[in-house]
Every structure is written in C-alpha cells, then in structure tokens.
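Scroll down for the structure; my scribbles are underneath it.
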Amino acid sequence: MLGVHFVQIEGKRAVITGGASGIGLAIAHRLVGAGCAVVIADIDTEALQRCSTEHADFLLYECDVTKRESLEALAGFAWSTLGGVDLVFANAGVGLPLKPLLDQTEAHARWVMEVNYFGVWHTLQVFGPRLIEQGTECHLVVTGSENSVAVPAPLLGAYNASKHAVLGLTETFDRETPDFLGVSILCPGLVMTNILSSLEKIPDAFGGPEPAPIGKAYLGFTPDKIAINALAWIDVKDFYIFTHHCNRDMVAERLCNQIGAIERQTQPNDGSDICNTRHLLGDVFEQMGQKHQ
Numbered sequence: 258m259l260g261v262h263f264v265q266i267e268g269k270r271a272v273i274t275g276g277a278s279g280i281g282l283a284i285a286h287r288l289v290g291a292g293c294a295v296v297i298a299d300i301d302t303e304a305l306q307r308c309s310t311e312h313a314d315f316l317l318y319e320c321d322v323t324k325r326e327s328l329e330a331l332a333g334f335a336w337s338t339l340g341g342v343d344l345v346f347a348n349a350g351v352g353l354p355l356k357p358l359l360d361q362t363e364a365h366a367r368w369v370m371e372v373n374y375f376g377v378w379h380t381l382q383v384f385g386p387r388l389i390e391q392g393t394e395c396h397l398v399v400t401g402s403e404n405s406v407a408v409p410a411p412l413l414g415a416y417n418a419s420k421h422a423v424l425g426l427t428e429t430f431d432r433e434t435p436d437f438l439g440v441s442i443l444c445p446g447l448v449m450t451n452i453l454s455s456l457e458k459i460p461d462a463f464g465g466p467e468p469a470p471i472g473k474a475y476l477g478f479t480p481d482k483i484a485i486n487a488l489a490w491i492d493v494k495d496f497y498i499f500t501h502h503c504n505r506d507m508v509a510e511r512l513c514n515q516i517g518a519i520e521r522q523t524q525p526n527d528g529s530d531i532c533n534t535r536h537l538l539g540d541v542f543e544q545m546g547q548k549h550q
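Numbering-wise, my numbering comes out as the position in the sequence shown, counting from 1, plus 257.
Spelled out as structure tokens, the structure:
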C-alpha cells in the first residue's frame with residue numbers, strides 16, 4: 258500500500274474539512290505523500306495540535322463548518338497561502354446517539370443536520386464559486402455514507418437523513434457545475450474512526466454531550482484503506498466512490514424495490530415523458546445560462 262501512486266493528484270493543492278482525524282487525516286497523509294500541499298481544517302483544536310506534531314508539512318486551520326463565515330475565512334486562507342486550490346474535501350461529519358428514530362431528540366437531529374448537511378452546503382457555496390472563477394481542472398469530494406445510497410441501517414435515523422440529503426445536494430452540484438470541476442461522493446461503510454466520540458462534544462444548544470458507545474467501530478476498515486480507495490477513484494474522476502463490496506447487495510435491494518414498484522404501479526407510454534421534471538428543469542437551467550462555462 259505504501260507504493261500507491263495517484264498520477265492526477267500528485268503535486269495538487271488541497272483543503273480538507275474534518276481533516277484532523279479519521280478519514281480526513283488519512284487522506285491528508287496520502288496527499289502529502291503524493292507531493293500535495295494540504296490545509297487541514299477542523300473544529301477540534303486538540304486534534305489540530307496533534308496533527309502539527311505528526312507532519313510539519315500540514316497547514317492547519319481552525320474551522321467550524323456550521324458557520325459560513327468560518328468557511329469563508331478558510332477559503333481566504335487557502336487561496337492566499339497556496340495560491341489556489343485544486344482539491345476540496347467536504348469531509349467534516351458527526352454521529353449521533355444510537356437510538357430508534359422515535360427515541361431520538363429533535364435537538365440531536367438538528368445538530369447532525371447542521372454539521373453533516375449544512376457543513377457540506379456551506380462548503381459548496383463558499384468553495385464552488387471560487388473554483389469556477391479559478392477556471393482550472395479541480396475536484397470537490399463530499400463524504401457521504403453507505404447510508405446515502407443503500408438501504409439504511411436502523412438506529413441512525415437523523416444521521417441517515419443527513420447523508421441522504423448530502424447525496425441529493427452533491428448530485429445537483431455536479432449537474433450544475435462545469436466539466437473542469439470534477440465532483441465525487443465518497444460512500445464508505447463502517448470505518449475505524451472516532452466519529453462516535455463526537456457525541457461527547459455535542460453543544461449545549463443541541464442537547465449537550467452524550468457518552469460515546471463502548472467499542473466504537475472496531476470492525477470497520479482502516480481510514481487509510483478508505484483514503485487509498487477514495488484517491489484512486491478521484492484520480493479517474495468517478496462520481497460514486499464505494500469502499501465496501503457488501504454495499505452491492507444493499508444498493509441492489511433498494512433499486513429492485515423501487516423498479517419493482519414502478520413496474521407494478523405505472524404503465525409504459527402513460528404520457529409522463531412530457532412532465533419529466535429532470536428534463537424540464539434541465540432545459541430551464543440551460544436557458545437561464547446558469548451553467549458556468
């Protein structure tokens with residue numbers, strides 16, 4: 258694994274939110290190994306401090322992805338320090354207490370959406386225009402989840418909703434941006450990260466801290482395995498990036514259920530082609546001239 262090379266990524270300039278631990282940090286290490294300049298952004302100042310002792314080449318920036326102004330400041334720092342940005346990883350994310358949906362609190366649900374959904378929203382809103390204005394080949398990667406696309410796991414209601422929302426947001430961003438701005442969504446399965454420790458840092462405004470489950474994700478893949486897979490498929494510009502083969506059956510189950518329902522409940526040649534929303538709004542979008550060239 259140490260000999261892995263990412264030809265299209267070598268020497269690029271990268272920004273990673275949620276980059277001080279887990280998947281983000283593993284990606285940062287791989288990018289530095291490929292000769293990239295890397296800005297690690299994170300809200301966890303202690304984790305940032307640990308990063309500063311791990312690798313002198315990391316550029317560190319404290320950032321709260323739930324606040325647009327914090328992302329604006331991060332982008333300003335990245336462009337002024339690196340002279341431009343080629344790779345953006347919208348990777349910051351949190352978990353939530355493992356409870357049935359009806360036992361989850363609104364406060365915790367709102368916190369998960371603030372970080373997992375609006376954190377990505379702010380990242381796209383802030384970095385997207387800058388990357389387009391820059392006008393050079395670049396790539397933006399959103400960290401979703403297997404629960405973005407597959408039949409979701411129980412006990413993760415609000416988390417699943419946030420990752421579904423991120424998928425729709427990322428697909429729309431990809432459709433509306435120019436071809437030189439590549440877009441991917443990373444959909445990992447279980448990974449050995451500290452995401453559940455984020456429960457111990459839930460702000461009081463969103464219900465306050467909760468104890469992290471014992472054991473955590475000890476059965477998952479290593480973050481480095483995820484990083485290698487992610488960078489390999491970014492390198493060839495794939496949109497969906499999967500890491501766990503078991504997702505094949507999980508995705509197939511959902512698609513088969515959906516296609517089966519359509520076949521049972523609708524009829525071919527029912528005239529619905531004239532009200533195909535994707536085509537209609539696609540035409541409107543092109544007429545508006547909103548797709549930046």
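Beta carbons: idealized from backbone N, C-alpha and C, even for Gly.
Residue pairing for residue 396: DSSP places it in a beta bridge opposite 344, 439.
Taken through DSSP and simplified to helix, strand or coil, residue 408 comes out as coil. The Cβ-Cβ distance between residue 298 and residue 339 does not fall below 7 Å.
DSSP places residue 351 outside both helix and strand once states are collapsed to three, so it counts as coil. Here residue 318 is bridged, per DSSP, to 298. When the alpha-carbon of residue 348 is set against those of 400, 372, 307, the nearest one is in 400. Taking all protein chains in view, the Cβ of residue 534 is surrounded by fewer than 16 other Cβ atoms within 10 Å, so the residue is classified as exposed. In this model, residue 410 and residue 404 are separated by some 7 Å (Cα to Cα). Closest option to residue 301, judged by alpha-carbon separation, among 278, 357, 485: 278.
Within the segment 505–543, there are no complete beta strand (DSSP E) runs of at least 3 residues. Residue state for residue 503 is assigned as coil, using DSSP reduced to three classes. Residue 343 is positioned such that its CB atom lies closer than 7 Å to that of residue 270.
Bridge partners of residue 270 according to DSSP: 294. A straight-line Cα-Cα distance of about 34 Å links residue 510 and residue 437. Closest option to residue 330, judged by alpha-carbon separation, among 379, 540, 506, 545: 379.
Following the DSSP letters along the chain, one finds residue 391 inside the alpha helix (DSSP H) bounded by residues 375–391. Nearest in C-alpha terms to residue 408, of all of 374, 493, 345, 446, is 446. Distance check between residue 386 and each of 328, 478, 491 places 328 closest, using alpha-carbon atoms only.
Per DSSP, the continuous alpha helix (DSSP H) segment holding residue 421 begins and ends at 414–433. For residue 486, the enclosing alpha helix (DSSP H) starts and ends at 480–492. Between residue 394 and the set 355, 491, 420, the nearest pair of CA atoms involves 491.
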